[in-house]
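Chemist:
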Amino acid sequence: MFKEFWDFLMNDFFITGDPLILGAQVSIGLSMVAIVIALTYFKKWRWLWTEWLTTVDHKKIGIMYVIAALLMLFRGGVDALLIRTQLAVPQLEFLHAGHYNAIFTTHGVIMILFMAMPLMFGLFNIVVPLQIGARDVAFPYLNSLSFWLFFFGAMLFNVSFVIGGSPDAGWLAYPPLSELSGSPGLGQDFYIWGIQISGIGSLASGINFVVTILKMRAPGMKLMQMPMFTWSVLSSSITIMFAFPILTVTLFLLFIDRYLGAHFFTLDGGGNPMMYVNLIWMWGHPEVYIVILPAFGVFSDVVSTFSKKKLFGYKSMVFALMSISFFSFFTWLHHFFTMGSGADVNAFFAVTTMLIAIPTGVKVFNWLFTMFRGRITFSQPMLWTIAFIPCFVVGGMTGVMLSVAPADFQFHNSYFLIAHFHQVLIGGVVFGYFAGLYYWWPKMFGFKLHDGLGKWAFWLWNIGFYVCFMPQYALGLMGMTRRFNEYNFDLGWQPLNIVSTVGAFIMGLGFIFQVWQIAHSIKFLKKEKSGDAWGEGRTLEWSIPSPAPMYNFAHLPEVTSSDEWWEEKQRRAKGIQPKAPGPLEPIHMPKNSGIPFIMSVFFFIAGFGFVWHWTWMIVPGLIGVACCLFARSFDYDPDYYIPVDEIERTEAALKGVR
Amino acid sequence: MRKYIRFLVPLMIMLIAVMLSGCSDQYVVLDPKGPIGESQKDLIWITVWLCAIILVPVLILTAIIVWRYRDKKDNKAGYQPNWEHSTKLETIWWAIPIIIIAILATVTIKYTYDLEPSKPLESAKQPITIEATSLDWKWLFTYPDEGISTVNYLQIPEDTPIRFRVTADQAMNSFWIPQLGGQIYAMSGMAMTLYLQADEVGDFLGMGANFTGEQFAKMTFNVKSTSDADYRAWVDSVKQTSPALTEEGFKELKLPGSSEQQTFSAFPKGLFDQVVMQYVGPNGIDAPNSGKKSGPVHDAEGGHDTQSPTTTDEAKS
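Taken in sequence, the protein lines are chains R and U.
What the first sequence shows, in the UniProt record's numbering, is residues 1 to 658, in sequence order.
What the second sequence shows, in the UniProt record's numbering, is residues 1 to 317, in sequence order.
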């Protein structure tokens, strides 16, 4: 009995026999033990539970998103470096084919779904309520649930690396390869359930922020007076609301195929794999706009702050955001022009794809003319923004090249494509979120990140990026196809591949500098005394102390302009004092709740059971989820009021800090 | 800032030099040897130049603006913190991309119809049909006109249109010979048509361009374009010297694994169409195998291809 169990553990449950994975297993085990010991030794369990795991405070949830995203960036980055190492030299025997396939699959999934998305939601959470003068999001409990669903979905996906086996059918898992016929292992089931569980969280977040932005703005703030980042969050969240249900349904159908033997996407029984390819890209293409739009928002805010000038062409910017989010739903087919849908279909989707270049181009011009006749300071967020513009313009142009359907027949699936989407995703999304992190970091934690180390990281990332990806355009034109795990000596791909690998490691070094930067800045912490950390803040988040008190605004602000705080400072400089606020009133706040965390644990249990076909695990998992829903429904006491004297105490203490 | 720019510019120039210094004949996409690839290359250059009209000024403008309006005490450039709108300017930069995209869209639509992959090529010569089947993980090429077949190797006569019919036995692949022209997906249950032609004698790289599983990287193949006479001689020699591909042999060939180049003097008649039709149910429609039989997972194992000799073993795993 025991022996059977042991055999199961060693042969099926844990991945064994690979030194790299064994090393990871050991280090994961050791770090988990270390965390438990540290929490116990410092008696921090209660603190962890009451301050973080059960919190419904948008600022803390945002910080947890950011931490999780940076951890995932580390893992996805290590995957990337393993890929580049394998490709540095022809026919290298560093990773065997199966392992390589698993690594590029997890690299893609993690970077998009478990790195870019949470980093984005982190910024949403930290910034949006502060920018619109709200005290929390519209549904704080749901917000917490969203985070924990994302977190446990990501954990379920990541655990496949050491338990059961990683997915290896590509990041979008095209059938028939991802069906039982092509992927009989468990990796594909981890993929489905990991994404499915976190996908529910993403959808809920999208809804949450749409409602927050539409209903919770400070008195006087009209839609056309919202800061541009908030607009970008609105456009991105609306896109989420329409796109994510498609993903959920598609993966659910794939799950039914695999679990119950249905035939939606199988080869036989009337199934049609191309249906899946269509559906997954109906989500997948809007998804890339979901992550890039908020980056546009960050750039808009940063560029205007550090040029000390109003954002140029506000209305154009809003119109551009919304039209990009609309057109993003009509371009999915450009991911498979080579499917042979005929000239009519290809021509239609080629043109819709090109159309997106128009509003995007306008945005670039508007950013440039925001700087024009401004006064540019090269702070860290601004550096990333300035680096973004040329990078993204070039990436956008290669995107236009790819959209030309007949030419795409030569680019498709080659390294030209790989270079293109890394250029827009790193040059656009990653640079954008980094700019946002550096920009709002003092608002999150009350101190700035070290400047010198940040510049090192900035230059390493930038140089590394070009060294890594420019050669890949050339490799694509040489015929190098994505997902090759090896290539022959005689193809002439060797020199550029080595260059590319060097570039990837330079970016890795950049990441190490960022970690060092954070550690260094914490160690030599210089408390940011003013709430307006950059001295040039324009929007409401800079009008309150850093970090913001739990209720954000003691008095809800009255808004008359899109740059409310900047205008206010102008007025004060002219000697016009703000209207004295009325007396403080008790503030209505949501209570912390452990249910989102517990419910997500049950989701994890059910998902894990589904992966292994363990009914004994699925049933309690699902019952647990149902009980949590039930418990919440009968919780008649989810909120409370912060009494006036407590607000007064907090405000006085914050003033003292100032 | 200044020292960084000084450092970055030479680096970029070096990088571009490195990229361009590679032998130009390695850039197979830009060095086509057939009419389709030639048109696609032209189209790529048209796109590049059209894009450059916007790209180059924007990059220059960025550099100038960032430099001119940097925050320095003695900076004499104008500063207008409240200047936020100009209908004239904004109209200009809505118009520029609209015009460029309109031109590009027109060109694209024309080329999309011209280069529709299933459109026959104009030629005095009769096209040769070659059927390409993506197996796990090798390409099987059958020449129905000649009755021969090859694995991971293609030989074609120059200046003759080749009508490729492309399918996959299992996972979706993509059939790509960059120097002859763009790729087309190889999908199970479908026969795609792709016309290509080689204008000269030579050896070209061919490959599977869509990930198909473990040993996907082994799916490259060599395309040899020869004179008509050499092609005929090659066909004859294959017929005389190579073994025949039997039903049994095909079943073995289908087993997952990579393969060396092989040639066969014959192949089972209608093999390609069998592969295409293997998932069609007995009623002639894509019905679930035997209809009523229910039950999870092993459903796929039923007798759905009883009419087909090429039973798959997909569901046994």
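Backbone N, C-alpha and C define an ideal beta-carbon position, used for all residues, glycine too.
Is there contact between the stretch 475–483 of chain R and the stretch 415–430 of chain R, where contact requires at least three CB pairs shorter than 8 Å?
Modeler: Touching, yes, given that three or more Cβ pairs across the two stretches are closer than 8 Å.
Chemist: Could you say which of U:V166, U:E122, U:D114 and U:L135 lies nearest to Y143 of chain U if we only look at CA atoms?
Modeler: Out of U:V166, U:E122, U:D114 and U:L135, U:V166 has the C-alpha closest to the C-alpha of Y143 of chain U.
Chemist: Helix, strand or coil for P273 of chain R? Go by DSSP, reduced to three states.
Modeler: Of the three classes helix, strand and coil, the one that applies to P273 of chain R here is helix, per DSSP.
Chemist: What are the boundary residues of the beta strand (DSSP E) that includes D268 of chain R?
Modeler: From DSSP, D268 of chain R is part of no beta strand (DSSP E); its letter is neither H nor E.
Chemist: Opposite G132 of chain U in the DSSP bridges: which residues?
Modeler: The question names Gly, yet the displayed sequence has Ala at residue 132 of chain U. A132 of chain U is bridged to U:F141 and U:V166.
Chemist: May I have the straight-line CA-CA distance separating F553 of chain R from G531 of chain R, to the nearest angstrom?
Modeler: Going by the C-alpha atoms only, they are around 12 Å apart.
Chemist: At which residues does the beta strand (DSSP E) containing L194 of chain U begin and terminate?
Modeler: Its beta strand (DSSP E) spans residues M192 to L196.
Chemist: Rounded to whole angstroms, what is the Cα-Cα separation between A300 of chain U and D268 of chain R?
Modeler: Annotation note: pLDDT 35 at A300 of chain U (below 50); position unreliable, coordinate value reported separately. A300 of chain U and D268 of chain R: Cα-Cα distance of roughly 7 Å.
Chemist: Within 7 Å (strictly less), CB to CB, does E486 of chain R reach chain B?
Modeler: Among the protein chains of the structure shown, namely R and U, there is no chain B.
Chemist: Find the nearest neighbour of V277 of chain R within the set R:G297, R:L247 and R:L260, judged by alpha-carbon distance.
Modeler: Considering only alpha carbons, the answer is R:L247.
Chemist: Taking only beta-carbon positions, decide if I389 of chain R is within less than 7 Å of chain U.
Modeler: With 7 Å as the cut-off, I389 of chain R counts as an interface residue toward chain U.
Chemist: Kindly indicate which residue of R:C468, R:L540 and R:I15 has the alpha-carbon position closest to the one of T160 of chain R.
Modeler: Checking the sequence, you will find Ser at residue 160 of chain R rather than Thr. Closest option to S160 of chain R, Cα to Cα, is R:I15.
Chemist: Hey, how far is the Cα of F272 of chain U from the Cα of T133 of chain U?
Modeler: Computed Cα separation, rounded: 7 Å.
Chemist: Please go through the same chain and pick out, in chain order, the residues whose beta-carbon is closer than 6 Å to the beta-carbon of L104 of chain U, but skip the five residues on each side of it.
Modeler: Here the set comprises L50.
Chemist: From S290 of chain U to D42 of chain U, what does the alpha carbon distance come to, in whole angstroms?
Modeler: Bear in mind that the predicted position of S290 of chain U carries a pLDDT of just 36, short of 50, making it unreliable; the figure below should be weighed with that in mind. Looking at the two C-alpha atoms, the distance is approximately 52 Å.
Chemist: Excluding the 5 residues preceding and the 5 following L629 of chain R in the sequence, name in chain order all residues of the same chain whose CB lies nearer than 8 Å to its CB.
Modeler: Here the set comprises M599.
Chemist: Considering just the uninterrupted stretch of the beta strand (DSSP E) at L205 of chain U, what are its terminal residues?
Modeler: From DSSP, the beta strand (DSSP E) with L205 of chain U extends over G202 to G208.
Chemist: Can you check the stretch 598–648 of chain R for any beta strand (DSSP E) of at least 3 residues that lies completely inside it and give the ranges in chain order?
Modeler: With a minimum length of 3 residues, the continuous beta strand (DSSP E) runs that stay inside the stretch 598–648 of chain R are 639–642.
Chemist: Just checking: is the beta-carbon of A357 of chain R within a distance shorter than 7 Å of some beta-carbon in chain U?
Modeler: A357 of chain R counts as touching chain U.
Chemist: Of all the options R:I200, R:A24 and R:M155, which has the alpha carbon lying nearest to the alpha carbon of A68 of chain R?
Modeler: It is R:M155.
Chemist: Quick check on DSSP: helix, strand or coil for A24 of chain R?
Modeler: A24 of chain R: helix per DSSP, three-state reduction.
Chemist: Around the Cβ of D7 of chain R, are there at least 16 other Cβ atoms within 10 angstroms (buried) or fewer (exposed)?
Modeler: Classification for D7 of chain R: exposed.
Chemist: Interface residues of chain R around R165 of chain U at Cβ under 8 Å?
Modeler: Here the premise fails: no neighbours, minimum Cβ distance about 12 Å.
Chemist: The beta strand (DSSP E) spanning Y185 of chain U covers which residue range?
Modeler: G181 to A186 is the span of the beta strand (DSSP E), which, as asked, contains Y185 of chain U.
Chemist: Quick one, which of U:S118, U:Q170 and U:P161 has its alpha-carbon nearest A124 of chain U's?
Modeler: Residue U:P161 is the option with its Cα nearest to A124 of chain U.
Chemist: From R:T539, R:L130 and R:T50, pick the residue whose C-alpha is nearest to that of T305 of chain R; which is it?
Modeler: Out of R:T539, R:L130 and R:T50, R:T539 has the C-alpha closest to the C-alpha of T305 of chain R.
Chemist: Give the residues from the stretch 191–207 of chain U that approach chain R closer than 7 Å (Cβ to any Cβ), ordered along the chain.
Modeler: If the cut-off is 7 Å between Cβ atoms, the stretch 191–207 of chain U has M192, L205 and M207 near chain R.
Chemist: Which residue wins for smallest C-alpha separation from M216 of chain R, given the options R:A626, R:W614 and R:A138?
Modeler: That would be R:A138, whose Cα lies nearest to the Cα of M216 of chain R.
Chemist: May I ask you to list, following chain order, the residues of the stretch 56–74 of chain U that have a beta carbon less than 7 Å from some beta carbon of chain R?
Modeler: If the cut-off is 7 Å between Cβ atoms, the stretch 56–74 of chain U has V58, L59, L61, T62, I65, V66, Y69, R70 and D71 near chain R.
Chemist: How about S323 of chain R and P273 of chain R: do their beta carbons lie closer than 7 Å?
Modeler: No. Outside cutoff.
Chemist: DSSP beta-bridge partners for T150 of chain U?
Modeler: According to DSSP, which records beta bridges pairwise, T150 of chain U is partnered with U:F141 and U:T263.
Chemist: So what's V302 of chain R in DSSP terms, helix, strand or just coil?
Modeler: Helix.
Chemist: Per DSSP, what kind of secondary structure is D286 of chain U in: helix, strand or coil?
Modeler: Reliability fails at D286 of chain U, whose pLDDT of 49 lies under 50, so the model's placement of it is uncertain and the value that follows must be treated cautiously. D286 of chain U falls in the coil class under three-state DSSP.
Chemist: Find the residues of chain U that neighbour R571 of chain R, judging by a C-beta separation of less than 7 Å, and give them in chain order.
Modeler: Under the 7 Å cutoff, chain U gives no residues; its nearest Cβ is about 14 Å from R571 of chain R.
Chemist: May I have the straight-line CA-CA distance separating P296 of chain U from L253 of chain R, to the nearest angstrom?
Modeler: With a pLDDT of 35 at P296 of chain U, under the threshold of 50, the modelled position of that residue is not reliable, and no figure is offered here.
Chemist: Taking only three categories from DSSP, how would you classify N552 of chain R?
Modeler: Note: N552 of chain R maps to coil in three-state DSSP.
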